[in-house]
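Read in order, the letters of the sequence shown are residues -20 to -1, 1 to 314 in mature numbering (1 follows the signal peptide of the UniProt record, and there is no 0).
Heads up, the thing below is written out as structure tokens.
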Amino acid sequence: MFRSLILVAAFASSLLYSEAFLTHHRVERRSLSPLQHAGHDHNHDHGTHDHNHDHSIHDHNHDHDESDDPPPPPLDEEEIREIENAERRKKVKFRQLVADSVAVSNPEHLPKLLANNIGAIAALQGQEGAAIIKEIVEDAKAEGEEQFNRTVIVIESILSFAESFVEEAESLDSKNKKLLGKIINAMKSSEDAMDELMEVERDNFTAGFLRHIEGECERIGNAPKMTTESTRLIELLRVIQARVLEEIGADMGEATLVLGQLMGYDDRDELLGVLDAGLTVQGREFAVEMKGLTEEALRGFESVHGGVEPELLDRVSFVDQRLTNYLEETNEFQ
């Protein structure tokens, strides 16, 4: 029992201390339970700060006095039910992750399984996470000592993985901020300085860096009050984003670049709109190239132990099917 209590306490603190852990997985603040909000406040008591403001990019939105904002409207019954259902789904996913992890026969496969389910780990925070772990440990204990020990070992592995993930995410976040700051400074200097920097830093232009730029745009755009400076800053970030995409595209086929961009769309209608627009402009040869990429990706997914994230599989499958339909529609021999 003492060991299980240590696990509960560890989980209550391990997923709380990094705001980066929440930011990288787009946790919606409004859906957080009161217990999770209490955990979020706990971060600030221990010196955790919002990295978005520790940055070479500054806007004046943070000067806004939140006390002047009207209180948010109360949730209606449907919204409450949606939140409750979301909480239940999170618990089910985490329970399933623990069960799948216990069933893994080769320990070398466990990190891959956890990486593919990092969303399920990130979704449970603070006291809520501690409560579900306590339930899982107690259920395992009731099944016998062997099941209890295996479950405890798995949960310890999950906690260790989560902490490593947080540390890596914070490190990448810091690197991306420094890189973005260097680009902005180069832009202010001269066009030649900008061109030179883009050439030197090309290897550091990753999908993670693009997500970081997009995250900055969202953060500034979602501020309670937009200023002229904020608008200009977003425009500047969009220019940088386009330039980075241009540099990345120079090292890979356009179809590869577009497919990577499509994977960033959560809304299926938006994804389809962008894809169809690209097919209209680029034509059949482009579709054939992209179809080869989606087929290769789907074959690769089948060989991944523990599977891949369902959302990623769904998006690639959706794009693949749309490409199939497009190629059939444009088949000259039909």
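A virtual CB, placed ideally from N, CA and C, is assigned to each residue, including glycine.
- DSSP, read as helix, strand or coil, puts D80 in helix.
- Remark: C-beta atoms of L239 and V299 approach each other more closely than 8 Å.
- For A267 against L307, the beta-carbon gap comes to about 6 Å, under 8 Å, which counts as contact.
- Between T236 and L259, the CB-CB gap reaches or exceeds 8 Å.
- Residue nearest to E136 within the set I200, L90, R279 and A203 is L90 (criterion: CA-CA distance).
- Here L159 really is in contact with F189; their C-beta atoms are around 6 Å apart, less than 8 Å.
- For K205, there is no enclosing alpha helix (DSSP H), as DSSP marks it with neither H nor E.
- Annotation note: the stretch 146 to 219 contains the following uninterrupted alpha helix (DSSP H) runs of length 4 or greater, listed N- to C-terminal: 171 to 180 and 187 to 201.
- Straight across, the Cα-Cα distance linking N165 with R75 is about 47 Å.
- With contacts defined by Cβ atoms closer than 8 Å, V134 and V219 do not form a contacting pair.
- Straight across, the Cα-Cα distance linking A100 with S169 is about 44 Å.
- For N97, there is no enclosing alpha helix (DSSP H), as DSSP gives it neither H nor E.
- Of the other Cβ atoms in all chains shown, 16 or more fall within 10 Å of the Cβ of A149; this residue is therefore buried.
- Taken through DSSP and simplified to helix, strand or coil, M243 comes out as coil.
- The DSSP-derived three-state label of S144 is helix.
- If you draw a straight line from the Cα of I138 to the Cα of E309, it is about 47 Å long.
- For the pair V132 and A277, the Cα-to-Cα distance works out to about 35 Å.
- Three or more Cβ pairs drawn from the stretch 62 to 80 and the stretch 101 to 116 lie within less than 8 Å of each other, which places the two stretches in contact.
- Take the alpha-carbon of M174 and the one of E181: they are about 10 Å apart.
- Annotated as distal: L177 and K155, with beta-carbon spacing of 8 Å or more.
- Secondary structure at D249: helix, using DSSP grouped into helix, strand and coil.
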